[in-house]
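S.K.:
Numbering (our numbering), first residue to last: 211 to 414.
This is the structure:
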């Protein structure tokens with residue numbers, strides 16, 4: 211817990227890169243992004259996909275890194291298409307902390323100790339997250355994402371991990387997507403919503 215979390219330093223981008231989608235987000239590499247890339251290599255050496263992620267918990271009062279989790283792609287190992295590095299590391303952290311909101315972790319709610327009243331998590335990914343992982347990061351309310359390689363580098367023909375079909379699908383009407391999508395409205399389709407309104411269950 212001695213390590214102080216350094217703020218991200220934005221780099222100046224050469225004029226030739228003006229207009230590029232990554233122009234305004236380039237920052238100095240840190241220990242955490244380096245470890246995420248190391249974890250991606252661990253995954254490859256273990257027979258998995260070339261993706262790794264590090265999730266750090268930062269104390270809001272002291273800006274100290276309290277702890278971190280690291281994980282990599284387990285799709286082929288688990289026979290689970292959702293077992294991407296980012297999803298895997300988020301699941302581990304949430305389970306150990308016993309929370310589902312990684313953006314505002316209360317000392318009274320967390321299973322693990324922290325110095326200040328609140329803390330938050332940041333995620334470092336060896337590669338730009340796919341739409342599923344980006345959505346998982348947003349659902350977990352993680353306020354900071356840092357990635358290294360881009361999705362364009364991952365989708366190069368000799369690497370072969372392309373998210374283009376998913377990105378394209380999300381911009382289309384359901385009738386024009388790459389799978390057959392239908393809506394079937396049944397009599398009880400809204401009953402769970404009505405029960406939820408009355409339940410008093412925690413909102414998330």
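From the three backbone atoms N, C-alpha and C, an ideal C-beta is built for every residue, glycine too.
Leaving out five residues on either side along the sequence, give the residues of the same chain with a beta carbon under 6 Å from the beta carbon of residue 218.
M.R.: The answer, listed in chain order, is 237.
S.K.: By alpha-carbon positions, which one of 259, 391, 356 and 348 ends up nearest to residue 414?
M.R.: Nearest option by C-alpha distance: 348.
S.K.: Check whether the Cβ atoms of residue 334 and residue 235 sit closer than 9 Å, and answer yes or no.
M.R.: Taking 9 Å as the Cβ cut-off, residue 334 and residue 235 do not qualify as a contacting pair.
S.K.: Drop a sphere of 10 angstroms on the beta-carbon of residue 297, count the other beta-carbons inside from all chains shown, and report buried for 16 or more, exposed for fewer.
M.R.: Looking at its Cβ environment, which holds 16 or more other Cβ atoms inside 10 Å, residue 297 is buried.
S.K.: So what does DSSP say about residue 404, is it helix, strand or coil?
M.R.: Residue 404 falls in the helix class under three-state DSSP.
S.K.: Would residue 161 and residue 245 qualify as a contact pair, given that the criterion is a beta-carbon distance under 9 Å?
M.R.: In the structure as shown, the chain starts at 211 and stops at 414, and residue 161 therefore has no counterpart that could be examined.
S.K.: Have a look at the DSSP bridge pairing and note the partners of residue 355.
M.R.: Paired residue(s): 333.
S.K.: Using DSSP with H/G/I as helix, E/B as strand and the rest coil, what is residue 369?
M.R.: Here residue 369 sits in coil by DSSP.
S.K.: Residue 280 by DSSP, collapsed to three states: which one?
M.R.: Correct three-state label for residue 280: strand.
S.K.: Report the three-state DSSP secondary structure of residue 389 (helix, strand or coil).
M.R.: Looking at residue 389 - three-state DSSP - the assignment turns out to be coil, as it is neither helix nor strand.
S.K.: Who are the near neighbours of residue 332 in its chain, counting only those whose CB is closer than 6 Å to its CB and skipping five residues on each side?
M.R.: Closer than 6 Å at Cβ, skipping near neighbours: 266 and 354.
S.K.: By DSSP's criteria, residue 267 is part of a beta bridge. Which residues make up the other side?
M.R.: The partner list for residue 267 (beta bridge, DSSP) reads 277 and 331.
S.K.: To the nearest angstrom, how far is it from the Cα of residue 259 to the Cα of residue 375?
M.R.: One C-alpha to the other measures close to 19 Å.
S.K.: How far does the alpha helix (DSSP H) with residue 255 in it extend, from its first residue to its last?
M.R.: Note, residue 255: alpha helix (DSSP H), 241-255.
S.K.: Please classify residue 299 as buried or exposed, where buried requires at least 16 other C-beta atoms within 10 Å of its C-beta.
M.R.: That one is buried.
S.K.: Please identify the residue among 308, 215 and 341 whose C-alpha is closest to the C-alpha of residue 381.
M.R.: It is 341 whose Cα lies nearest to the Cα of residue 381.
S.K.: With distances taken Cα to Cα, identify the nearest neighbour of residue 387 among 396, 395, 394 and 377.
M.R.: Minimum Cα distance to residue 387 is reached at 377.
S.K.: Below 9 Å between beta carbons: does that hold for residue 327 and residue 368?
M.R.: No, the pair does not count as a contact, with Cβ atoms beyond the cut-off.
S.K.: I'd like to confirm the pairing. Which residues does DSSP put opposite residue 214 in its beta bridges?
M.R.: DSSP, once it has assigned bridges, lists 274 as partnering residue 214.
S.K.: Does residue 296 have its Cβ less than 9 Å from a Cβ in chain C?
M.R.: This model lacks chain C altogether; it includes just one protein chain.
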